[in-house]
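Student: Heads up: the sequence shown begins at 169 in this note's numbering, then just goes up one per residue. Cβ atoms here follow ideal geometry from the backbone N, Cα and C, with glycine treated the same way.
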Amino acid sequence: MEKLLHETRSFTFDISPPILYEVGLSAAIEARCEHLQATHGIKCTFKSEGEESDIGEDKKILLYQMVHELLVNVIKHAEASCVLVIIRWGMKNIQIIVEDDGNGFILANTKKSNSGMGLFSIKERLRSVGGKVKIVSTPQKGTTVSLITPITSHD
Numbered sequence: 169m170e171k172l173l174h175e176t177r178s179f180t181f182d183i184s185p186p187i188l189y190e191v192g193l194s195a196a197i198e199a200r201c202e203h204l205q206a207t208h209g210i211k212c213t214f215k216s217e218g219e220e221s222d223i224g225e226d227k228k229i230l231l232y233q234m235v236h237e238l239l240v241n242v243i244k245h246a247e248a249s250c251v252l253v254i255i256r257w258g259m260k261n262i263q264i265i266v267e268d269d270g271n272g273f274i275l276a277n278t279k280k281s282n283s284g285m286g287l288f289s290i291k292e293r294l295r296s297v298g299g300k301v302k303i304v305s306t307p308q309k310g311t312t313v314s315l316i317t318p319i320t321s322h323d
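What follows is the structure in structure tokens.
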């Protein structure tokens with residue numbers, strides 16, 4: 169029972185850490201990168217460009233969870249030794265890039281879910297807030313995923 173409780177707390181912290189609310193998206197993603205490096209031995213470099221904007225709690229959580237999911241994919245599938253995470257704060261948009269030097273994969277028809285259920289889910293969730301995903305992957309050379317979303321709501 170204690171193990172289950174610990175795993176539940178750990179999972180909750182992973183998908184919605186207090187630092188996300190206390191300090192912001194950039195700090196939370198940077199902390200996630202540091203954790204990845206410390207626990208999995210994958211070099212993870214974080215860069216933030218521009219001044220962080222107030223994007224609202226829902227979008228902040230959504231973007232953090234997407235980056236977390238992309239980093240989990242790197243751990244599970246990429247066999248990467250290095251990951252670079254960049255967040256670019258613009259006037260109208262936020263761009264987050266997750267780039268690894270791992271296995272890569274062949275992008276089939278990415279409009280269908282055969283590029284991976286996780287990537288398909290990310291595309292659909294980001295699209296729901298007016299954003300876009302771009303994936304570039306080359307076998308044996310790595311993968312780059314770019315998430316772009318407007319700072320303000322598209323309602």
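Taking a contact to mean a Cβ-Cβ separation below 9 Å, would you say V266 touches L230 in this structure?
Tutor: no
Student: With DSSP as the reference, label I223 as helix, strand or coil.
Tutor: In the structure shown, I223 sits in coil (DSSP, three-state: anything other than H, G, I, E or B).
Student: Measuring CA to CA, which of N261, G209, D226 is closest to L188?
Tutor: Out of N261, G209, D226, D226 has the C-alpha closest to the C-alpha of L188.
Student: Count the other CB atoms within 10 Å of the CB of R295; is the residue buried (16 or more) or exposed (fewer)?
Tutor: With fewer than 16 other Cβ atoms from the protein chains shown falling within 10 Å of its own Cβ, R295 counts as exposed.
Student: Hey, is the segment 209-218 in contact with the segment 248-260, meaning 3+ C-beta pairs nearer than 8 Å?
Tutor: yes
Student: If you count every other CB in all the chains shown that lies within 10 Å of the CB of A246, and 16 or more means buried, which is it?
Tutor: buried
Student: Roughly how far, in whole angstroms, is the beta-carbon of G286 from the beta-carbon of T317, given that I think they are within contact range, below 8 Å?
Tutor: No, G286 and T317 are not in contact; Cβ-Cβ is about 18 Å, not under 8 Å.
Student: Taking Cβ to Cβ, would you say N261 is nearer than 9 Å to I319?
Tutor: yes
Student: Would a C-beta distance cut-off of 9 Å place I223 and A248 closer than the cut-off?
Tutor: Contact flag unset, no.
Student: Which ranges does the beta strand (DSSP E) cover as unbroken runs of at least 3 residues, wholly within the segment 232-280, from first to last along the chain?
Tutor: 250-257, 261-268
Student: Report back the beta-carbon spacing between L275 and S314 to the nearest angstrom; my notes put them in contact at under 8 Å.
Tutor: Actually they do not touch by this definition, with Cβ atoms about 14 Å apart.
Student: Taking DSSP as the reference, what is the three-state secondary structure of G310?
Tutor: strand
Student: Mapping the DSSP letters down to three states, classify N282 as helix, strand or coil.
Tutor: Low local confidence applies: a pLDDT of 45 at N282 is under 50, so the model's placement there is unreliable, with the coordinate-based value given in what follows. Correct three-state label for N282: helix.
Student: Since S194 is in the beta strand (DSSP E), which residue starts that stretch and which ends it?
Tutor: Annotation for S194: no beta strand (DSSP E) segment contains it, though the alpha helix (DSSP H) segment containing it runs 193-208.
Student: Apart from the five residues just before and just after A199, which ones in its own chain have a Cβ nearer than 6 Å to its Cβ?
Tutor: In its chain, beyond the 5 residues on either side, I187 have a beta carbon closer than 6 Å to the beta carbon of A199.
Student: Can you tell me the Cα-Cα spacing of C201 and F288, whole angstroms?
Tutor: 23 Å
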